[in-house]
Amino acid sequence: MKSYSTFIFESSDEKIKDISHWREEEYSQMGSNPGGIHYDETGTKHYVKLYSNPDHAKTELASAKLHQLLGVRTVMPKLIRKNGKVGLASVYRDNLKVESPYFYDHLKPHQKNDITKMYHAAIITNNRDIVGLEHDNIMVDKKTGELHSLDQGGSFSFRAQGGKKEFTDNIDEKDSLRKYRPAADVFNSNLSIEDEKANIENIKQVKDSDIKDILKSSGLSNHEDLANIIISRKNKLIKSYQ
Numbered sequence: 016m017k018s019y020s021t022f023i024f025e026s027s028d029e030k031i032k033d034i035s036h037w038r039e040e041e042y043s044q045m046g047s048n049p050g051g052i053h054y055d056e057t058g059t060k061h062y063v064k065l066y067s068n069p070d071h072a073k074t075e076l077a078s079a080k081l082h083q084l085l086g087v088r089t090v091m092p093k094l095i096r097k098n099g100k101v102g103l104a105s106v107y108r109d110n111l112k113v114e115s116p117y118f119y120d121h122l123k124p125h126q127k128n129d130i131t132k133m134y135h136a137a138i139i140t141n142n143r144d145i146v147g148l149e150h151d152n153i154m155v156d157k158k159t160g161e162l163h164s165l166d167q168g169g170s171f172s173f174r175a176q177g178g179k180k181e182f183t184d185n186i187d188e189k190d191s192l193r194k195y196r197p198a199a200d201v202f203n204s205n206l207s208i209e210d211e212k213a214n215i216e217n218i219k220q221v222k223d224s225d226i227k228d229i230l231k232s233s234g235l236s237n238h239e240d241l242a243n244i245i246i247s248r249k250n251k252l253i254k255s256y257q
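Going by our numbering, the sequence shown opens with residue 16, and the numbers climb by one from there.
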């Protein structure tokens, strides 16, 4: 498996791997986007998502890298192409599982720390779908209990299913993620001002140049505008805790 640093800074603008020859498992689609479980030439199991708009796939990948940069564990997807459509593929992780909403009523301290990082990353990237309608965009490692963000498709100007939404430097998500379900089910009971302020110190160490590099390598034509908005959102989030 690639390292986190390799995942964050590798270029997304290289030749996209064609996986049309991978074997697809029937009736294995999860979530709202077309796709499913696929097996590559070596028999390695992957989950593949396909998009009608290539920029949606590039957006999700860029956001996943930003989440990782901000301390959130992801499944480190990679851009792929299948039968002319662009999508994302990630190695299938049998050690990860989706938990019920009740799981979040009894988190351990290290899991609350993971939730705090997800909360702040979601604000910075405008990822309103960080939790998922069925609480299925967060997965738990069966052995370590570590939390992973599974899906960043609702980031920047995209909604989870591909529609568009406004993306400015207003950080209204700081309130809305705690106010509206299903996100509120996870965040309300697991955030503390102490943990939030501690994580803000980590966010202060995130370099603007790294954010720009991630967006520049995304293949998105408006990468400069996106980087400026994300940096502004990061700075506004930091200032909101002063």
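Each residue gets a CB set at the ideal place from its N, CA and C atoms; glycine is no exception.
### Task
Starting from the C-beta of R143, find all residues in its chain whose C-beta is less than 6 Å away, skip the five residues before and the five after it, and write them out in chain order.
Counting only residues of its own chain and dropping the five nearest sequence neighbours on each side, R143 has a CB closer than 6 Å to the CB of G169.
### Message
Quick check: the Cα distance between G51 and F202, rounded to an integer number of angstroms?
### Response
The straight-line gap from Cα to Cα measures roughly 29 Å.
### Query
Cα-Cα, which of S78, L81, K93 and R88 is closest to K64?
Of the listed residues, the one whose Cα sits closest to K64 is K93.
### Task
Using the Cα positions of S224 and I130, report the straight-line distance between them to the nearest angstrom.
Just so you know, the alpha carbons of S224 and I130 end up roughly 25 Å apart.
### Query
Near K251, which residues of its chain fall below 7 Å by C-beta distance, leaving aside the five closest residues on each side in sequence?
Residues D184 and I186 of the same chain have their beta carbon placed closer than 7 Å to that of K251, with the five preceding and five following residues left out of the count.
### Task
Using three-state DSSP, classify Y66 as helix, strand or coil.
If DSSP states are grouped into helix, strand and coil, Y66 belongs with coil.
### Task
In angstroms with no decimal places, state the Cα-to-Cα distance between Y62 and K127.
The straight-line gap separating the alpha-carbon atoms of Y62 and K127 is approximately 27 Å.
### Query
L111 and V155: beta carbons closer than 8 Å?
Taking 8 Å as the Cβ cut-off, L111 and V155 qualify as a contacting pair.
### Task
Return the Cβ separation of H125 and I218 in integer angstroms, given the expectation that the two are a contact with Cβ distance under 8 Å.
A Cβ-Cβ separation of about 18 Å leaves H125 out of contact with I218 under the 8 Å criterion.
### Message
Suppose only complete runs of 4+ residues qualify. What are the alpha helix (DSSP H) ranges in the segment 160-246, listed by chain order?
### Response
Restricted to the segment 160-246, the alpha helix (DSSP H) segments that are unbroken, complete and at least 4 residues in length are 188-194, 198-202, 208-219 and 223-231, listed in chain order.
### Query
Between L148 and the rest of its own chain, which residues show a CB-CB distance below 7 Å, the 5 nearest in sequence each way excluded?
The residues P197, in chain order, have a CB closer than 7 Å to that of L148 in the same chain once the five nearest residues on each side in sequence are set aside.
### Query
DSSP state of L85, grouped into three classes?
In this structure, L85 counts as coil in the three-state DSSP scheme.
### Task
Mind checking which residues open and close the alpha helix (DSSP H) that includes K132?
That run of the alpha helix (DSSP H) goes P124 to T140.
#### Entry: Host beta strand (DSSP E) of G50 (start-end)
G50: member of the beta strand (DSSP E) spanning G50 to Y54, first to last residue.
### Task
Using only alpha-carbon positions, find the residue among D70, W37 and Y66 that is nearest to S236.
When only C-alpha atoms are compared, the closest one is D70.
### Task
Provide the residue(s) that pair with A104 in DSSP beta bridges, ordered along the chain.
Residue pairing by DSSP places A104 opposite V63 and K93 in a beta bridge.
### Query
Pick from N243, H36, Q257 and V113: whose alpha carbon is nearest that of E211?
The residue with the shortest Cα to Cα distance from E211 is Q257.
### Query
If you count every other CB in all the chains shown that lies within 10 Å of the CB of G99, and 16 or more means buried, which is it?
Taking all protein chains in view, the Cβ of G99 is surrounded by fewer than 16 other Cβ atoms within 10 Å, so the residue is classified as exposed.
### Task
Measure the Cβ-Cβ separation of G46 and D166 and say whether it is below 8 Å.
The answer is yes: Cβ separation under 8 Å.
### Task
Give the range of the beta strand (DSSP E) segment to which D120 is assigned.
Taken as a continuous stretch (DSSP letters only), D120 belongs to no beta strand (DSSP E), as it is neither H nor E.
#### Entry: Same chain, Cβ closer than 8 Å to R96, five either side skipped, listed in chain order
I31, K32, D33, I34, S35 and G102.
### Query
What's the gap between the Cα of S204 and the Cα of K123?
Distance between the alpha carbons of S204 and K123: 12 Å.
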